[in-house]
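Residue numbers (the UniProt record's numbering): 1 to 226.
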């Protein structure tokens with residue numbers, strides 16, 4: 001079994017053994033770390049360690065953290081040890097999500113309705129759409145590195161700032177897309193029938209999902225936990 005999935009399953013099962021308050025504290029810390037780092041395996045390792053600490057604390061009649069400042073101190077200490085976001089990991093994540101869920105599953109759901117109205121409907125791959133996709137991926141990467149990684153704990157104190165950045169990102173992308181379609185929308189590279197387009201995205205997305213989780217399973221930090 002993939003070591004990442006084995007550790008994740010063990011963490012889920014052991015979390016249920018904690019007191020309700022400790023579970024809430026654990027959930028808040030782990031949710032925060034997942035939102036500010038792409039180090040998926042590192043987060044699971046941290047969760048495993050926190051569960052061990054919480055179990056010992058519960059046995060003594062205490063909770064995982066006695067004060068919110070304890071949780072804040074913990075995340076500030078552990079956050080620098082997480083692996084920084086790298087382009088290869090980011091691209092594998094983005095391609096798997098965009099192709100499988102964004103283009104594959106979404107098209108699978110909508111295609112029957114579209115073909116019922118337009119039987120010969122085809123997807124136009126234009127210069128404008130490709131440029132917009134590249135800008136979208138680059139923009140999200142630099143938005144994440146410059147804004148999301150720097151969000152402090154607890155995250156609810158910084159929700160307004162995070163939402164503002166996200167809304168601004170969406171609006172800017174929308175306006176850039178409009179301009180690109182006006183200027184370059186007529187440059188069409190290929191027109192693809194919708195079903196081959198959908199199947200191709202599902203297959204590509206599934207391949208990158210497998211690659212992504214296979215890389216997680218081979219992370220050396222999991223050796224001591226599984």
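Ideal Cβ positions, reconstructed from N, Cα and C, are used throughout, including at glycine. All values reported here derive from a predicted model rather than from experimental measurement.
Check: Use the C-beta contact count for residue 44: other C-beta atoms within 10 angstroms, 16 or more gives buried, fewer gives exposed.; Outcome: buried
Check: Which runs of the beta strand (DSSP E) fall wholly inside the region 87–151 and span at least 3 residues, in chain order?; Outcome: 122–126
Check: Whose CA, out of 146, 222, 111, 210, lies closest to the CA of residue 194?; Outcome: 111
Check: Among the residues of its own chain, which have a CB less than 6 Å from the CB of residue 285, if the five just before and after it don't count?; Outcome: It is not possible to answer for residue 285, since the shown part of the chain is limited to 1 through 226.
Check: Just to confirm before moving on: does the CB-CB distance between residue 25 and residue 65 stay below 8 Å?; Outcome: yes
Check: Could you round the C-beta distance between residue 76 and residue 48 to whole angstroms and report it? I think they count as a contact, below 8 Å.; Outcome: Not really, about 20 Å apart at Cβ, beyond 8 Å.
Check: Under 8 Å: do the region 101–118 and the region 60–74 share three or more Cβ pairs, one atom per stretch?; Outcome: no
Check: I'd like to confirm the pairing. Which residues does DSSP put opposite residue 14 in its beta bridges?; Outcome: Bridge partners of residue 14: none, in fact.
Check: Is there contact between the region 115–129 and the region 158–170, where contact requires at least three CB pairs shorter than 8 Å?; Outcome: no
Check: Which residues in the same chain as residue 33 place their Cβ atom closer than 6 Å to its Cβ, once the five residues preceding and following it in sequence are excluded?; Outcome: 43
Check: Assuming contact is defined by CB atoms lying nearer than 8 Å, are residue 51 and residue 15 in contact in what I supplied?; Outcome: yes
Check: Going straight from the alpha carbon of residue 36 to that of residue 129, what length do you get?; Outcome: 29 Å
Check: With distances taken between CB atoms, is the gap from residue 222 to residue 3 smaller than 8 Å?; Outcome: yes
Check: Compute the beta-carbon to beta-carbon distance between residue 85 and residue 38, rounded to the nearest angstrom, for a pair I have assumed lies under 8 Å.; Outcome: 5 Å
Check: Contact between the region 174–181 and the region 129–142: three or more CB pairs below 8 Å?; Outcome: yes
Check: Looking at residue 136: is its Cβ nearer than 8 Å to the Cβ of residue 173?; Outcome: yes
Check: Note down, in chain order, each residue of its chain lying with its Cβ closer than 8 Å to the Cβ of residue 68, except the 5 sequence neighbours on either side.; Outcome: 154
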